[in-house]
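Accompanying notes for the structure given below.
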């Protein structure tokens, strides 16, 4: 899978020494001793890092008599950059499509006056509606149960069910009748 290769590449490149080696090889081929000397590291350490870079095909070697020279495979570097950009663009496109779907659900379940026509039966749509309703609450602020009820009543008469759903789906935390909004990372996801 393309994603696995991208992740493996970036994990390998997540080491400062390997980045420095790539930087040196971008200027031209070098042998292991030269790289070790320029970076102030031992040859076995350089060998270890070069092997990791060879595993992702970013570095290749050629022998010239008794000396092995290491070269940067620039086409792999360019390919990885393009693959990352393409993956990010696809992710952005999926996010836009999800936002379009959410807008359609909101339009279908809310009346022109802003009230909620009904609570959706389908979990995915229900979560979209609850997230939309949660926009009226602020993270870090504490709300009494009465305040939460009054806010929900503006949208739907069954405030108790929606309030319970806020707790069940981790949108809010309740302690002794005081409600607080949870961080969005805790909110229920439809996937």
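Residue numbers (full-length UniProt numbering): 1 to 191. Positions of the beta carbon are idealized from the N, C-alpha and C atoms, including for glycine. The model shown is predicted, which means the values in this text are computed figures rather than measured ones.
- Beta-bridge annotation (DSSP): residue 64 is paired with 67.
- Here DSSP, grouped into helix, strand and coil, assigns residue 142 to strand.
- By the neighbour-count definition (other C-beta atoms within 10 Å, threshold 16), residue 48 is an exposed residue.
- Using a Cβ distance threshold of 8 Å, residue 26 and residue 58 do not count as a contacting pair.
- Comparing C-alpha distances from residue 21 to each of 60, 8, 99, 82 shows the shortest one belongs to 60.
- By the Cβ-count criterion, residue 84 is exposed, with fewer than 16 other Cβ atoms from all chains shown falling within 10 Å of its own Cβ.
- Judged by DSSP secondary structure, residue 185 falls outside any alpha helix (DSSP H); it is assigned neither H nor E.
- Note on the stretch 87–168: whole alpha helix (DSSP H) runs with a minimum of 4 residues are 123–134, 145–153, 159–168, in chain order.
- Residue 138 and residue 156 have their C-alpha atoms spaced approximately 20 Å apart.
- In terms of Cβ geometry, residue 109 and residue 117 form a close pair [threshold 8 Å].
- Taken through DSSP and simplified to helix, strand or coil, residue 58 comes out as coil.
- A distance below 8 Å between beta-carbons, with the five flanking residues on each side excluded, links residue 32 to the following residues of its chain, in chain order: 43, 46, 47, 50, 68, 70.
- Taking C-beta atoms as the reference points, residue 152 and residue 164 fail to come closer than 8 Å.
- Rounded to whole angstroms, residue 179 and residue 150 show a C-alpha spacing of 13 Å.
- Rounded to the nearest angstrom, the Cβ distance from residue 24 to residue 35 is 6 Å, consistent with a contact under 8 Å.
- With a cutoff of 8 Å on beta-carbon distance, residue 39 and residue 17 are scored as near each other.
- Distances from the CA of residue 114 to each of 136, 86, 64, 19 were compared; the closest alpha carbon is that of 136.
- Boundaries of the beta strand (DSSP E) harbouring residue 173: 172–175, taken from the DSSP string.
- Residue 88 is classed as exposed because its beta carbon has fewer than 16 other beta carbons within 10 Å across all chains shown.
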